[in-house]
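Encoded as structure tokens, the structure appears first; notes follow it.
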Amino acid sequence: MSQQTVVQLVFGVMAALSLGGAMGVVMARTVFVSALWLILSFVGVAGLYITLGAGFLAVIQVLVYVGAISVLILFAIMLTEDVMGDEHPNNGQVGLAIILLTPLIFLLGKWGFTANWPVKAAAILPRSGLSVDAATAAALPGALKTGDAFLVPDSVAYLGRVLMTEHFLAFEVVSVVLLVALVGAIVIARD
Amino acid sequence: MMMELMPVWLQAGAGNPLREFLLENILTGLSEAWRPLVADLLTWSLTCALIMGIVQVTMLYCTLLERKFVGRIQDRIGPNRVGYWGLLQPFADMVKMLTKEDITPAVAHRSVYNLGAILVVPPAIMVFAILPLSLGLVASDLSVGFLYFISVASVVIVPIFMAGWGSRNKFALIGAMRAVAQTVSYEIPQVLSVVGVLLLAGSLSTGDIILAQGTVGSGAQASQGFPGGWFILTQPIAFVIYLMATTAEVERTPFDIPEAESEIIAGYHTEYAGIKFGLFQLSQYFMTIASAALGSVLFLGGWMSPFPGGLLQTLGPLNLGFFWMGAKTLLLILGFMWLRGTWPRLRSDQLMGFAWKVLVPLSLANLLITALLGWLLHGWWNASGAQGLGRSAVVVVAFLAANGLLLFGAMLGFGRLRAKGGRPDIRFEATGVGSSVEGAA
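Just so you know, the protein sequences line up as chains A and B, in that order. First residue of the first sequence: 25, per the numbering used here; consecutive thereafter. First residue of the second sequence: 21, per the numbering used here; consecutive thereafter.
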């Protein structure tokens, strides 16, 4: 059992969590329980980020989706009397859904496995220390050379630097959008 | 392709003294392919077991300490019948909890009700992963340590919500909604108050934050980094905001509104009995200990000795880090207990107003001032011209002056708001803030 096996094992568990959670969302009879399954799915996605080495993203996923957004959903469900009872969300269109979705999933999978994902060879970072070997370089023609240092996405400092330089405009626009949302919420709440 | 990209978390053990010891002395017989993996697993298991053992015992005796301490505050003696000085009381309580009848209400949503009690504990245990008990004695010094703590701690509200909803009890539901509103609100000042510390330390990792507080005076490493010493000296307002927000986060008096027994019986755990109720208590005590430990890491220098020049940091071959860390954590826990013994409970709307109208603006202003001062002084404290204790003193005095000005300005501003009256919902009262935030929550 090598480290790669461990990674694949963890990946399998996390994928099962997120898919199983998603299944639970549509299968559950009560909307509240659906929301709980959704939280499990969010946790699984956070786990997937960890297997990819994106610890910061995983932590933010838990903080924002599990800790805040799902709570908002639970609140919204509990404040809406009509959807609180037990009921059958199943409307007899399972067959149609399967027929429509199977080709879509197939196409997405085919595209995902054959696409040439752009991998950016980053500058050497203090926390990295991993480099591209020959097999990886051969698998990604044009994108990487043997010996290139890998960006380790866990580097929070690197993320901060990039957000404040390369993607500064987007970063500021997002913060303005959030500010507008906040002001709007306060205006609605006061009226 | 992904397989070659070994995630950082699988290599985090490198450089750990325990791991090196295992590799060199114990795991010599293993093949090269297995040795690092086994060493990593063993290091993690042993560290986790040690930390968990210490935390469990601390938690058990925290309950006794709390009852004794609050008893003394209220002019009582506290438990003293089981064992000498009541020392066996926690075990008696444990046996009592375990042997009580396990009751599930007939109308409860069974699985959600039971899962709520079970899931409330894991997040409270997981937060200890980033808290260093001593130099190098940490389960995982993540580069996102502080954020990890906050995000895992915020997960606790999901099982609380499950408990409140699954019990099918009005009081439980009210308690859960109060708990969630309160936790979500106080997370904001809690994080904002710490951002100033993170700015000055230049890192989110708990290990780096502690090390950043060690550069006082003229040590070997004193020419690098922030020279202000412990962050309580340069961030006193942030420290107080952190303590208040933490008290609300872990739902302790005066912020125990979710379980206010005079209003809503016991809040979200009204319907729980026996060990399931015990699990909620366990989770709350774990969170209290963890928050106190994080407070001592962020503001009180963690495992560092409080004396200048690292006096008593080591005693012979022994590093006293664990002692200092424990002492500081205990100090903060005693502070929480002191609050509990002396303060009345706030009203729910006062509590929300206090978070949004006082703590959030104050911590934002503190962040702004910290960033400004750090930016102005940063070049100077890194310059070689200024060295030694004088440099530290100047930085501390500058930050203290800024904090004093901020506090003065805040009191003036809040006082004027209160005097002006204006709309009734922004008038400040003696115990906190006016009314009507709850409708928005």
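Every residue, glycine too, gets a C-beta built ideally from N, C-alpha and C. For clarity, every value in this text was computed on a predicted model and none was experimentally measured.
Rounded separation between residue i and residue j - CA only
{"i": "residue 45 of chain A", "j": "residue 64 of chain A", "result": "5 Å"}
{"i": "residue 243 of chain B", "j": "residue 60 of chain B", "result": "Only weak support is given to the placement of residue 243 of chain B: the predicted model assigns it a pLDDT of 45, under 50, and the value that follows is read from those uncertain coordinates. One C-alpha to the other measures close to 35 Å."}
{"i": "residue 347 of chain B", "j": "residue 395 of chain B", "result": "34 Å"}
{"i": "residue 152 of chain A", "j": "residue 228 of chain B", "result": "The predicted model places residue 152 of chain A with a pLDDT of 38, which falls under 50 and marks its position as unreliable, so this point remains unresolved."}
{"i": "residue 192 of chain A", "j": "residue 206 of chain A", "result": "21 Å"}
{"i": "residue 58 of chain B", "j": "residue 52 of chain A", "result": "41 Å"}
{"i": "residue 434 of chain B", "j": "residue 428 of chain B", "result": "10 Å"}
{"i": "residue 142 of chain B", "j": "residue 300 of chain B", "result": "11 Å"}
{"i": "residue 41 of chain B", "j": "residue 62 of chain B", "result": "11 Å"}
{"i": "residue 202 of chain A", "j": "residue 375 of chain B", "result": "20 Å"}
{"i": "residue 17 of chain B", "j": "residue 144 of chain B", "result": "The structure shown has nothing for residue 17 of chain B, since chain B only spans 21 to 461."}
{"i": "residue 422 of chain B", "j": "residue 389 of chain B", "result": "7 Å"}
{"i": "residue 392 of chain B", "j": "residue 210 of chain B", "result": "20 Å"}
{"i": "residue 47 of chain A", "j": "residue 356 of chain B", "result": "43 Å"}
{"i": "residue 354 of chain B", "j": "residue 226 of chain B", "result": "23 Å"}
{"i": "residue 79 of chain A", "j": "residue 160 of chain B", "result": "12 Å"}
{"i": "residue 100 of chain A", "j": "residue 85 of chain A", "result": "20 Å"}
{"i": "residue 154 of chain A", "j": "residue 76 of chain A", "result": "Only weak support is given to the placement of residue 154 of chain A: the predicted model assigns it a pLDDT of 48, under 50, and the question is left unresolved by the model."}
{"i": "residue 282 of chain B", "j": "residue 50 of chain A", "result": "40 Å"}
{"i": "residue 148 of chain B", "j": "residue 363 of chain B", "result": "29 Å"}
{"i": "residue 233 of chain B", "j": "residue 344 of chain B", "result": "14 Å"}
{"i": "residue 3 of chain B", "j": "residue 140 of chain A", "result": "Outside the displayed span of chain B (21 to 461) sits residue 3 of chain B, for which this structure offers no information."}
{"i": "residue 45 of chain B", "j": "residue 66 of chain B", "result": "16 Å"}
{"i": "residue 69 of chain A", "j": "residue 352 of chain B", "result": "36 Å"}
{"i": "residue 256 of chain B", "j": "residue 130 of chain A", "result": "58 Å"}
{"i": "residue 167 of chain B", "j": "residue 68 of chain B", "result": "20 Å"}
{"i": "residue 323 of chain B", "j": "residue 399 of chain B", "result": "29 Å"}
{"i": "residue 202 of chain B", "j": "residue 271 of chain B", "result": "8 Å"}
{"i": "residue 133 of chain A", "j": "residue 90 of chain A", "result": "27 Å"}
{"i": "residue 334 of chain B", "j": "residue 342 of chain B", "result": "11 Å"}
{"i": "residue 128 of chain B", "j": "residue 136 of chain A", "result": "45 Å"}
{"i": "residue 188 of chain A", "j": "residue 308 of chain B", "result": "36 Å"}
{"i": "residue 54 of chain B", "j": "residue 31 of chain A", "result": "15 Å"}
{"i": "residue 100 of chain B", "j": "residue 109 of chain B", "result": "8 Å"}
{"i": "residue 198 of chain B", "j": "residue 119 of chain A", "result": "43 Å"}
{"i": "residue 409 of chain B", "j": "residue 252 of chain B", "result": "17 Å"}
{"i": "residue 365 of chain B", "j": "residue 266 of chain B", "result": "15 Å"}
{"i": "residue 42 of chain A", "j": "residue 317 of chain B", "result": "34 Å"}
{"i": "residue 82 of chain B", "j": "residue 72 of chain A", "result": "37 Å"}
{"i": "residue 96 of chain A", "j": "residue 88 of chain A", "result": "11 Å"}
{"i": "residue 475 of chain B", "j": "residue 369 of chain B", "result": "Examination of residue 475 of chain B is not possible in this model, given that chain B is present from 21 through 461 alone."}
Cross-strand partners of residue i (DSSP beta bridge)
{"i": "residue 338 of chain B", "result": "B:335"}
{"i": "residue 157 of chain B", "result": "B:154"}
Expected contact under 8 Å - CB spacing of residue i and residue j to nearest Å
{"i": "residue 383 of chain B", "j": "residue 261 of chain B", "result": "5 Å"}
{"i": "residue 117 of chain B", "j": "residue 361 of chain B", "result": "Contact flag wrong, Cβ pair sits at about 24 Å."}
{"i": "residue 71 of chain B", "j": "residue 153 of chain B", "result": "6 Å"}
{"i": "residue 258 of chain B", "j": "residue 206 of chain B", "result": "Not really, about 14 Å apart at Cβ, beyond 8 Å."}
{"i": "residue 284 of chain B", "j": "residue 195 of chain B", "result": "5 Å"}
{"i": "residue 204 of chain B", "j": "residue 92 of chain A", "result": "7 Å"}
{"i": "residue 165 of chain B", "j": "residue 250 of chain B", "result": "In fact, because the Cβ distance is near 18 Å, the residues do not count as touching under 8 Å."}
{"i": "residue 132 of chain B", "j": "residue 57 of chain A", "result": "7 Å"}
{"i": "residue 98 of chain A", "j": "residue 181 of chain B", "result": "5 Å"}
Check your understanding: Listed from N- to C-terminal order along the chain, which residues in the segment 159-174 of chain B have their beta-carbon within a distance smaller than 9 Å of any beta-carbon of chain A?
Key -> With the criterion set as a beta carbon lying under 9 Å from some beta carbon of chain A, the members of the segment 159-174 of chain B are 162, 163, 164, 167, 168, 170, 171, 172, 173, 174, in sequence order.
Practice item. Pull out every residue of the segment 175-206 of chain B whose Cβ sits closer than 8 Å to any Cβ of chain A, in chain order. Key: Flagged, chain order: 175, 177, 178, 181, 182, 185, 193, 197, 200, 204.
Practice item. Would you list, in chain order, the members of the segment 216-229 of chain B that have their beta-carbon closer than 9 Å to a beta-carbon of chain A? Key: Listed in sequence order: 222, 223, 224, 225.
Practice item. Compile a chain-ordered list of the residues in the segment 62-85 of chain A whose CB is closer than 9 Å to at least one CB of chain B. Key: 63, 67, 70, 74, 75, 76, 77, 78, 79, 80, 82, 83, 84, 85
**Study point:** Interface positions of the segment 39-65 of chain A facing chain B (Cβ-Cβ less than 9 Å), listed along the chain
**Key:** 54, 56, 57, 60, 63
Practice item. With 9 Å as the C-beta to C-beta threshold (strictly closer), list the residues of the segment 130-147 of chain B near chain A in chain order. Key: 131, 132, 135
Review point. Can you give, in chain order, each stretch of the beta strand (DSSP E) that sits fully within the segment 69-118 of chain B and has at least 3 residues?
Key: none
Check your understanding: Taking only runs of the alpha helix (DSSP H) that begin and end inside the segment 268-316 of chain B, which ones reach a length of at least 4 residues, in chain order?
Key -> 281-284
**Study point:** Residues of the segment 86-98 of chain A whose Cβ lies closer than 8 Å to any Cβ of chain B, in chain order
**Key:** Within the segment 86-98 of chain A, the residues whose Cβ lies closer than 8 Å to some Cβ of chain B are 86, 87, 90, 91, 92, 94, 95, 98, listed in chain order.
**Study point:** Those runs of the alpha helix (DSSP H) which lie wholly inside the segment 355-406 of chain B and span at least 4 residues
**Key:** 368-373, 380-402
Check your understanding: Listed in chain order, which residues of the segment 189-214 of chain A have Cβ atoms closer than 7 Å to some Cβ of chain B?
Key -> 213
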